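**Q** One structure, pasted below without further comment.
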Amino acid sequence: MKNLIQIIKNIQNRFLKYVFMVLVFLIQLACVEKEDFETFEMDGFIVGFNPCTINHQYRVGYVIISNDFSDTIATYSLSPKKFTMPAPVGLNPNRPLYTIPEHEFRYSGGSAYFPEFLYYPDSLIKNYPIKVTYRKALEHELQINRCRADFNMADFIKQWLFNQVIVVKASKN
Numbered sequence: 001m002k003n004l005i006q007i008i009k010n011i012q013n014r015f016l017k018y019v020f021m022v023l024v025f026l027i028q029l030a031c032v033e034k035e036d037f038e039t040f041e042m043d044g045f046i047v048g049f050n051p052c053t054i055n056h057q058y059r060v061g062y063v064i065i066s067n068d069f070s071d072t073i074a075t076y077s078l079s080p081k082k083f084t085m086p087a088p089v090g091l092n093p094n095r096p097l098y099t100i101p102e103h104e105f106r107y108s109g110g111s112a113y114f115p116e117f118l119y120y121p122d123s124l125i126k127n128y129p130i131k132v133t134y135r136k137a138l139e140h141e142l143q144i145n146r147c148r149a150d151f152n153m154a155d156f157i158k159q160w161l162f163n164q165v166i167v168v169k170a171s172k173n
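Residue numbering for the sequence shown follows full-length UniProt numbering, starting at 1 and increasing by one per position.
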């Protein structure tokens with residue numbers, strides 16, 4: 001009889017421990033904040049890059065301009081984390097939307113735009129059209145790279161500092 005009572009107490013103690021652990025787990029889940037980001041969509045085309053990323057072989061950052069030229073964004077999330085040339089564009093580097101050849105990244109007076117876009121703007125509308133769904137980058141997600149000062153920062157500084165985004169969905173436009 002004593003053994004039976006002892007067994008029941010052991011089962012009861014184990015059961016209470018499991019109930020307590022489940023309650024603690026549920027409380028932790030309830031306290032976790034869900035990140036609910038406002039997303040935006042843009043139909044546009046890739047017109048350039050952050051020259052610092054090429055000069056120092058950082059993760060490539062792209063400049064995307066909307067079709068109506070009313071908005072410009074910058075993103076690093078369309079390139080692999082490791083510097084790669086020719087540069088794949090897309091969320092999955094193994095299945096890129098585009099592969100931009102290395103000659104597009106020629107150093108052209110320090111401009112953030114592909115050389116072809118500077119001289120023939122209509123050409124890139126045909127070359128790299130893209131539709132993106134994106135959200136604004138949080139402060140800890142911003143990519144600010146060390147860079148030399150031998151390029152025209154006016155081309156991209158506003159986009160890199162204030163319009164940096166995280167692309168959550170991308171497709172050819």
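By construction, the Cβ of each residue, glycine as well, lies at the ideal position given by its N, Cα and C atoms.
Small disclaimer: the values here were computed from a predicted structure and weren't measured.
#1: CA-CA distance, residue 37 and residue 135?
#2: In the DSSP assignment, find the beta strand (DSSP E) that holds residue 46 and state where it starts and stops.
#3: Relative to the C-alpha of residue 45, which candidate in 137, 100, 138 and 141 has its C-alpha closest?
#4: Decide if residue 164 is buried, meaning its Cβ has at least 16 other Cβ atoms within 10 Å, or exposed.
#5: Cβ of residue 47 within 8 Å of Cβ of residue 98?
#6: DSSP state of residue 100, grouped into three classes?
**A** By the coordinates alone:
#1: 7 Å
#2: 40-49
#3: 100
#4: buried
#5: no
#6: strand
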